[in-house]
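J.:
Protein chains: 2
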Amino acid sequence: MAKTTTSNHAAAARQRGVTMNDVAKHAGVSRTAVSFVLSNRENASISEETRSRIIEAVQALGYRPNAGARALASQRSDWYGIVTEIVTAPFAVDIIKGAQDQAWLDRKFLLIAPSDQADAVGPNQGLEDAATEKLLEQRVEGLLYAATFHRGVHVPESANEVPTVLINCFDADGKLPSIVPDERAGGRVAVERLLQAGHTRIGVINLDPVIPAAVGRLAGAREALAEAGLELDPELVVPGYATADGGYEAACRILDRYPQEDRPSALFCLNDRMAMGAYDAIKERGLTIPGDIAVIGFDNQELIAAYLRPKLTTVALPFEKMGALGVQTLAALTAGQPIIADQQLVGCPLLERSSV
Amino acid sequence: MAKTTTSNHAAAARQRGVTMNDVAKHAGVSRTAVSFVLSNRENASISEETRSRIIEAVQALGYRPNAGARALASQRSDWYGIVTEIVTAPFAVDIIKGAQDQAWLDRKFLLIAPSDQADAVGPNQGLEDAATEKLLEQRVEGLLYAATFHRGVHVPESANEVPTVLINCFDADGKLPSIVPDERAGGRVAVERLLQAGHTRIGVINLDPVIPAAVGRLAGAREALAEAGLELDPELVVPGYATADGGYEAACRILDRYPQEDRPSALFCLNDRMAMGAYDAIKERGLTIPGDIAVIGFDNQELIAAYLRPKLTTVALPFEKMGALGVQTLAALTAGQPIIADQQLVGCPLLERSSV
DNA sequence: GCCTGCGAGTAACGCGCGTTACTAGTGCGT
DNA sequence: ACGCACTAGTAACGCGCGTTACTCGCAGGC
Numbered sequence: 001m002a003k004t005t006t007s008n009h010a011a012a013a014r015q016r017g018v019t020m021n022d023v024a025k026h027a028g029v030s031r032t033a034v035s036f037v038l039s040n041r042e043n044a045s046i047s048e049e050t051r052s053r054i055i056e057a058v059q060a061l062g063y064r065p066n067a068g069a070r071a072l073a074s075q076r077s078d079w080y081g082i083v084t085e086i087v088t089a090p091f092a093v094d095i096i097k098g099a100q101d102q103a104w105l106d107r108k109f110l111l112i113a114p115s116d117q118a119d120a121v122g123p124n125q126g127l128e129d130a131a132t133e134k135l136l137e138q139r140v141e142g143l144l145y146a147a148t149f150h151r152g153v154h155v156p157e158s159a160n161e162v163p164t165v166l167i168n169c170f171d172a173d174g175k176l177p178s179i180v181p182d183e184r185a186g187g188r189v190a191v192e193r194l195l196q197a198g199h200t201r202i203g204v205i206n207l208d209p210v211i212p213a214a215v216g217r218l219a220g221a222r223e224a225l226a227e228a229g230l231e232l233d234p235e236l237v238v239p240g241y242a243t244a245d246g247g248y249e250a251a252c253r254i255l256d257r258y259p260q261e262d263r264p265s266a267l268f269c270l271n272d273r274m275a276m277g278a279y280d281a282i283k284e285r286g287l288t289i290p291g292d293i294a295v296i297g298f299d300n301q302e303l304i305a306a307y308l309r310p311k312l313t314t315v316a317l318p319f320e321k322m323g324a325l326g327v328q329t330l331a332a333l334t335a336g337q338p339i340i341a342d343q344q345l346v347g348c349p350l351l352e353r354s355s356v
Numbered sequence: 001m002a003k004t005t006t007s008n009h010a011a012a013a014r015q016r017g018v019t020m021n022d023v024a025k026h027a028g029v030s031r032t033a034v035s036f037v038l039s040n041r042e043n044a045s046i047s048e049e050t051r052s053r054i055i056e057a058v059q060a061l062g063y064r065p066n067a068g069a070r071a072l073a074s075q076r077s078d079w080y081g082i083v084t085e086i087v088t089a090p091f092a093v094d095i096i097k098g099a100q101d102q103a104w105l106d107r108k109f110l111l112i113a114p115s116d117q118a119d120a121v122g123p124n125q126g127l128e129d130a131a132t133e134k135l136l137e138q139r140v141e142g143l144l145y146a147a148t149f150h151r152g153v154h155v156p157e158s159a160n161e162v163p164t165v166l167i168n169c170f171d172a173d174g175k176l177p178s179i180v181p182d183e184r185a186g187g188r189v190a191v192e193r194l195l196q197a198g199h200t201r202i203g204v205i206n207l208d209p210v211i212p213a214a215v216g217r218l219a220g221a222r223e224a225l226a227e228a229g230l231e232l233d234p235e236l237v238v239p240g241y242a243t244a245d246g247g248y249e250a251a252c253r254i255l256d257r258y259p260q261e262d263r264p265s266a267l268f269c270l271n272d273r274m275a276m277g278a279y280d281a282i283k284e285r286g287l288t289i290p291g292d293i294a295v296i297g298f299d300n301q302e303l304i305a306a307y308l309r310p311k312l313t314t315v316a317l318p319f320e321k322m323g324a325l326g327v328q329t330l331a332a333l334t335a336g337q338p339i340i341a342d343q344q345l346v347g348c349p350l351l352e353r354s355s356v
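Sequence lines, in order, name chains A and B.
The numbering used here numbers the first residue of the first sequence as 1 and each following residue consecutively.
The numbering used here numbers the first residue of the second sequence as 1 and each following residue consecutively.
1. Can you tell me which of the three DSSP states Tyr-248 of chain A falls into?
2. Since Ser-77 of chain A meets chain B, which of its residues come closer than 9 Å, beta carbon to beta carbon?
3. Beta-carbon within less than 8 Å of Val-346 of chain B's beta-carbon, same chain only, minus the 5 sequence neighbours each way: which residues are those?
4. Which ranges would you report for the alpha helix (DSSP H) in the region 176-245 of chain B if only whole runs of at least 4 residues count?
5. At the level of alpha carbons, what is the spacing between Pro-264 of chain B and Thr-288 of chain A?
6. Got a sec? Which residues, its chain only, sit under 6 Å from Cys-169 of chain A by beta carbon, not counting five neighbours each side?
7. Which complete alpha helix (DSSP H) runs does the region 39-75 of chain B hold, if anything under 4 residues is left out?
8. DSSP on Val-18 of chain A, reduced to helix/strand/coil?
9. Per DSSP, which one or two residues make a beta bridge with Asp-171 of chain A?
10. Only counting runs of 3 or more residues, tell me where the beta strand (DSSP E) segments fall wholly within the region 258-287 of chain A, in order along the chain.
11. Quick one: list the residues of chain A neighbouring Asp-171 of chain B, beta-carbon separation under 9 Å, in chain order.
12. Could you tell me whether the Cβ of Gln-59 of chain B comes closer than 8 Å to any Cβ of chain A?
13. Measure the beta-carbon distance from Leu-303 of chain B to Leu-303 of chain A and round it to whole angstroms, keeping in mind my assumption that it falls under 8 Å.
14. Go ahead and label Arg-139 of chain A buried or exposed: buried means 16 or more other beta carbons lie within 10 angstroms of its beta carbon, across all protein chains shown.
15. DSSP state of Asn-124 of chain B, grouped into three classes?
16. Using the beta-carbon count (16 or more within 10 Å), is Pro-163 of chain B buried or exposed?
17. Give me the DSSP bridge partner(s) of Gln-343 of chain A.
18. Rounded to the nearest angstrom, what separates His-199 of chain A and Gly-291 of chain A at their Cα positions?
19. At the level of alpha carbons, what is the spacing between Phe-298 of chain B and Val-237 of chain B?
20. For Glu-137 of chain B and Pro-65 of chain A, what's the separation of their Cα atoms in angstroms?
21. Of the residues that make up the region 277-298 of chain A, which ones have a beta carbon closer than 8 Å to any beta carbon in chain B?
22. Which chain B residues sit within Cβ distance under 8 Å of Val-309 of chain A?
23. If you run the structure through DSSP and keep just helix, strand and coil, what is Asp-101 of chain B?
24. Kindly list, in the order they appear in chain B, the residues whose Cβ is closer than 9 Å to that of Gln-301 of chain A.
25. Is the number of C-beta pairs between the region 218-233 of chain A and the region 250-257 of chain A that are closer than 8 Å three or more?
26. Identify the contact partners of Ala-146 of chain A in chain B, using a Cβ-Cβ distance below 7 Å as the criterion.
27. Spell out whether any CB of chain B is found under 8 Å from the CB atom of Ala-71 of chain A.
28. Would you mind reading off the limits of the beta strand (DSSP E) that contains Gly-326 of chain A?
29. Anything in chain A within Cβ reach of Leu-111 of chain B, meaning under 7 Å, just list it in chain order.
30. Are Phe-268 of chain A and Ile-202 of chain A touching if we call contact CB-CB under 8 Å?
31. Would Thr-313 of chain B pass as an interface residue toward chain A - the criterion being a Cβ-Cβ separation below 8 Å?
32. Give a yes or no on whether the C-beta atoms belonging to Val-315 of chain B and Leu-350 of chain B are separated by under 8 Å.
33. Where does Asp-119 of chain A fall in DSSP's three states?
34. From the DSSP secondary-structure annotation, give me the bridge partner or partners of Gly-297 of chain A.
35. Taking Cβ-Cβ distances shorter than 8 Å, what residues in chain B pair up with Glu-137 of chain A?
36. Can you tell me whether DSSP reads Thr-84 of chain A as helix, strand or coil?
If you want it as structure tokens, here you go:
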């Protein structure tokens, strides 16, 4: 088959690197002409005939442009860099997916640099700097920082040299634009769902109360209750470690504390891992979900939420959307456009499954 | 503080791009001298004094080498490319982590290109090709292909142009070297663990019987039993869908089929998701883990195995190690060294938790 | 006094490409 | 016959850097 022959020839040639010059010679034209054709210059005057001759030569030789040389000559790399600890702790990996997809659409290349423990202020700060430095050496046109969980971060000083956007985190000491989940609205929609199902006495299994997730989600819960003329009983808010065990223990405490008639009929677990533990506590007591106790989670950690039995109704963190929005914002910045807002909130949609 | 001033100056200068030439002028030497110092040339004759003057200039100006230009001039990019669907389906994300870390150690940069649905032979083949093509345009020195689950794959033809290594998958039609988990040894160690705990009647919840994971793990299980003078009762091997629901149903079937005295005292679930479902089936019947029924899984999906109650004893897939080994193998290939073997098996360690 | 060798450095080429001049040829109006 | 506008294309510079070949001054040997 002719095609195979062509490709094999091409492969062989490529070993020594086919350049534009080779293509030009093969087509009997100047290198400039090849460049014009390949970059689809509008105001170039190349006849249809030579154009096609050039394209044939490209295919015959298996020419592939050298991205580095192009970047050097054109002074633009078409690369964005993203530094993230997500590679290490894959919880929020969808951020990368969303960013990748969007970058691909924009014909940009996303360079991913790992930052171990970006939350550490101490010794690891250097590592993060190294990642940033590496990316700047590649002459990325913009930088993204993505965190596994919503929090404030410190970004290396050198990030100021190119447009920078933070995803799932915010600049603790500067004015860098950021994309974060709307925790408050998420907490609100969760409790609204419970109210709608007729639950008025709702237990809350809390996270570390100082992190943005806990603050926001709880505030949202209060709002929803307030609108229904209710208040959040402080007694029903129990702290938990952000693990399944933590959720189990917290749920036990809340379930065992009251006689059946006073027992909350629903639990709002501020993350899915704790909901997983809560399931155990509920089932252990011979209670059913959602019949006796409704459960609603937060995060939509697929591996948990979709596999628990019954499947967990939860509020999703919009990781993929945040990633895409981050790249879009970065594109706007590099294009010199003013950004919409310092901090963009992305909605957290309710995912109805079977636990409410 | 002097440092801040310096950095600010540096930042400002960098906007227009500080080049080696600027450094050379600042230090009053030739650009060649700067190049020699920065690349630590051994046989270069640069006096200690000018060397330090150059280094000072570098810092004063905030010079940062241009990786693209360097790649162009030196004809080596220091980049590896990895094309993977893992970004999309993050199950095996530790492969990327392992590869990243190893690449970082080798002072290589890992370009990650997403391949949606690499398993599809049809329309998406093009996407995968596009990813490969993009990476080759960046002049990567080698390519890695990583799959989310162990299987045969078809690699785009153009991958033959540079050294290529497959991770967690193998070349279905060629001779590309690959790194895969030793499923057989893993199945063996799992069953050995159960035997050691005194279980001789072991139920197996199988996967799709044609995939390498199922074939290997089951073969390993048989080996372990054979060494103990036992055989695997075909009746005790039940098929399951690779989900929690699938595991639940399979476990129900196996548990309800026998009177108590004939019931298997242990379940070997060929993945953790099915083990998760099996837990439910067991608990529903008022049985305890591991008291009445021991459970052992496979994969070590952290979110499940570490959070189930009791925590799941399982066999880990060595993703991180495979990633690192992939990069090492690639480094050997690009250095022209012969590879050790076409297919390298990586051991699957047993992780003892509390379900056996 | 001249050649040799060495330390300390530099000029200049080329990597592959984008881009800005510029040229050569052709048709057309006067 | 001449100029003008337009088409089709090219020569040449520079992007930032690695690298080779070369220069220059000076100490040592005969």
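Even for Gly, the Cβ is constructed at its ideal location relative to N, Cα and C.
Since we're looking at a predicted model, the values are computed, not measured.
T.: Checking against the coordinates, here is how it stands:
1. helix
2. Gly-68
3. Ile-179, Val-180, Pro-181, Asp-182, Pro-318, Lys-321, Met-322 and Leu-325
4. Taking only runs of at least 4 residues, the alpha helix (DSSP H) segments lying wholly in the region 176-245 of chain B are 183-196 and 212-227.
5. 28 Å
6. Ala-147, Arg-151 and Val-153
7. 48-61 and 67-74, all fully within the region 39-75 of chain B.
8. coil
9. A:Val-153
10. 266-269
11. Chain A residues near Asp-171 of chain B: none, gap ~16 Å exceeds 9 Å.
12. Using a CB distance cut-off of 8 Å, Gln-59 of chain B does not count as an interface residue toward chain A.
13. 4 Å
14. buried
15. For Asn-124 of chain B, the predicted model reports a pLDDT of 44, less than 50, meaning its position is unreliable; a value from the coordinates is still stated below. Of the three classes helix, strand and coil, the one that applies to Asn-124 of chain B here is coil, per DSSP.
16. With 16 or more other CB atoms across the displayed protein chains lying within 10 angstroms of its CB, Pro-163 of chain B is buried.
17. A:Ser-178
18. Rounded to whole angstroms, the separation of the alpha carbons of Gly-291 of chain A and His-199 of chain A is 12 Å.
19. Taking the straight line joining both Cα atoms gives about 16 Å.
20. So the two alpha carbons sit approximately 6 Å from each other.
21. Gly-277, Asp-280 and Lys-283
22. The amino acid occupying residue 309 of chain A in the given sequence is Arg; Val does not appear at that position. Simply Ala-244, Asp-245, Tyr-248, Gly-277 and Asp-280.
23. helix
24. Leu-303
25. no
26. None at all; the shortest Cβ gap to chain B is about 13 Å.
27. yes
28. Boundaries around Gly-326 of chain A are those of the alpha helix (DSSP H), 319-334, since no beta strand (DSSP E) includes it.
29. Leu-111
30. yes
31. Taking 8 Å as the CB threshold, Thr-313 of chain B stays off the interface with chain A.
32. It is a contact, given that the beta carbons lie within the stated cut-off.
33. At Asp-119 of chain A the pLDDT is 43, less than 50, meaning the model places this residue with poor confidence; the figure from the coordinates comes in the next sentence. Asp-119 of chain A: coil per DSSP, three-state reduction.
34. Note: Gly-297 of chain A sits in a beta bridge opposite A:Thr-314.
35. Arg-64, Pro-65, Asn-66 and Ala-67
36. strand
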